[in-house]
Amino acid sequence: MLSDPGGEELMYITKELAVRMEGCIKQSHIEVTKRYSQGKTLEINGGAACFSGFESFLSQVVGWGFKTEPNQYKAEIEAIENFYKSIGHNRVDIELCPFVGNHLINFLSQRGYYITELNNVSVLDLKSYHLVAHSEDDGFIIREVKQSELEEWAKRVAIGFGFLEAQEQFYQYASAKGILAFAAYDHGNLVAGATIAIHGDACDLGVTSTLPLYRGKGLQKKLLFARLNLAKQYGLEFATVTTQPGTVSDLNVQKAGFRCAYTRIKLTME
Numbered sequence: 000m001l002s003d004p005g006g007e008e009l010m011y012i013t014k015e016l017a018v019r020m021e022g023c024i025k026q027s028h029i030e031v032t033k034r035y036s037q038g039k040t041l042e043i044n045g046g047a048a049c050f051s052g053f054e055s056f057l058s059q060v061v062g063w064g065f066k067t068e069p070n071q072y073k074a075e076i077e078a079i080e081n082f083y084k085s086i087g088h089n090r091v092d093i094e095l096c097p098f099v100g101n102h103l104i105n106f107l108s109q110r111g112y113y114i115t116e117l118n119n120v121s122v123l124d125l126k127s128y129h130l131v132a133h134s135e136d137d138g139f140i141i142r143e144v145k146q147s148e149l150e151e152w153a154k155r156v157a158i159g160f161g162f163l164e165a166q167e168q169f170y171q172y173a174s175a176k177g178i179l180a181f182a183a184y185d186h187g188n189l190v191a192g193a194t195i196a197i198h199g200d201a202c203d204l205g206v207t208s209t210l211p212l213y214r215g216k217g218l219q220k221k222l223l224f225a226r227l228n229l230a231k232q233y234g235l236e237f238a239t240v241t242t243q244p245g246t247v248s249d250l251n252v253q254k255a256g257f258r259c260a261y262t263r264i265k266l267t268m269e
């Protein structure tokens, strides 16, 4: 551990930590996949190839590559490709952490994979996080969403993303084991949403969405601290969040104390 000028200890960003961070995200994929009748998972050398539908955001490979040696590259990627081919899914998406090393990335590039997405994966050491009180003076109420409210939550989140056809995906995600949904309410109306996925001693924050008329009111900041407060109360060790580099969300999590641990790349072959 290091110390910052304020005296707080800083968490080292190591390969071991990256494995744990990706492991939390991987477990969410696995739990969501279990909810689909057509869902299938291939666990391979510490990673997982998941399929929960042809249009699903989570039909991809996560957490793979950390343990894979060069002499295993060919056999493992062929197993992954054959897994998706057997389902009839011609696209292979691999979320790859840079801590797996350049050799695997180069191997996949030579095989025909290309970069389709870049995301910052940031981490917050919850041991140094202090609870943030939430004021309701502005009229907004922040709370966990009940199971009976998840369908409405998923609809509002989908509207916020401008992607209404993904409503069912958001519902299934928030209903999966280990995942809790939060929302901001204005006089009883659900106007913003977010999730926290808890697996082991780690959590992953995601699915942040606000209805257009309510943007710029600090609701995502309130939802962020509400989830971090819960994680702190649960005694979790760290929190992760994935954001697109340079976005408002990316800046907001930095302001909340998150540090970018690495930039993850999505490699795709069709």
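Residue 39 in numbering that gives the first Met the number 0 sits at position 40 of the sequence shown, and the numbers go up by one each step.
Where is the CB? At the ideal position from N, CA and C, for every residue including glycine.
From a predicted model like this one, the values you see are computed outputs, not experimental measurements.
Note on geometry: alpha-carbon atoms of L149 and Q71 lie some 42 Å from one another. Taking all protein chains shown into account, A230 has 16 or more neighbouring C-beta atoms within 10 Å of its C-beta and is therefore buried. Here R226 carries a helix assignment [DSSP, helix/strand/coil].
R19 sits in a helix when the DSSP states are folded into three classes. Rounded to whole angstroms, the Cβ separation of G205 and L123 is 14 Å, and the two are not in contact under 8 Å.
Non-local beta-carbon contacts of R34 in its own chain, meaning distances under 7 Å to residues more than five positions away in sequence, involve Q171, S174 and A175 in chain order. According to the DSSP assignment, F106 belongs to the alpha helix (DSSP H) that extends over N101 to R110.
Per DSSP, I12 is not a residue of any beta strand (DSSP E), being assigned neither H nor E.
Cβ neighbours of T115 within its own chain (closer than 8 Å, five residues either side excluded): D92, K265, L266 and T267. Distance check between A193 and each of A17, A157 and A180 places A180 closest, using alpha-carbon atoms only. Comparing alpha-carbon positions, the option among V247, N228 and E236 lying closest to T207 turns out to be V247. A straight-line Cα-Cα distance of about 18 Å links H198 and V60. Secondary structure in the segment 18–87: the alpha helix (DSSP H) runs of 4 residues or longer, each lying completely within the stretch, are 72–86 in chain order. For F237, there is no enclosing alpha helix (DSSP H); the residue is found in the beta strand (DSSP E) stretching over F237 to T242.
A direct Cα-Cα distance of roughly 26 Å separates Y233 from V190. Taking C-beta atoms under 8 Å as the contact rule, F237 and A201 qualify, at a distance of about 6 Å. Taking the Cα positions, A132 is about 19 Å away from L235. For Y170, there is no enclosing beta strand (DSSP E); the enclosing alpha helix (DSSP H) covers residues Q166 to S174. By the neighbour-count criterion, in which 16 or more other beta carbons inside 10 Å mark a residue as buried, R142 falls on the exposed side. In the three-state scheme derived from DSSP, where H, G and I count as helix and E and B as strand, V131 is classed as coil.
Under the criterion of beta carbons closer than 8 Å, C259 and N101 do not qualify as touching, at roughly 19 Å.
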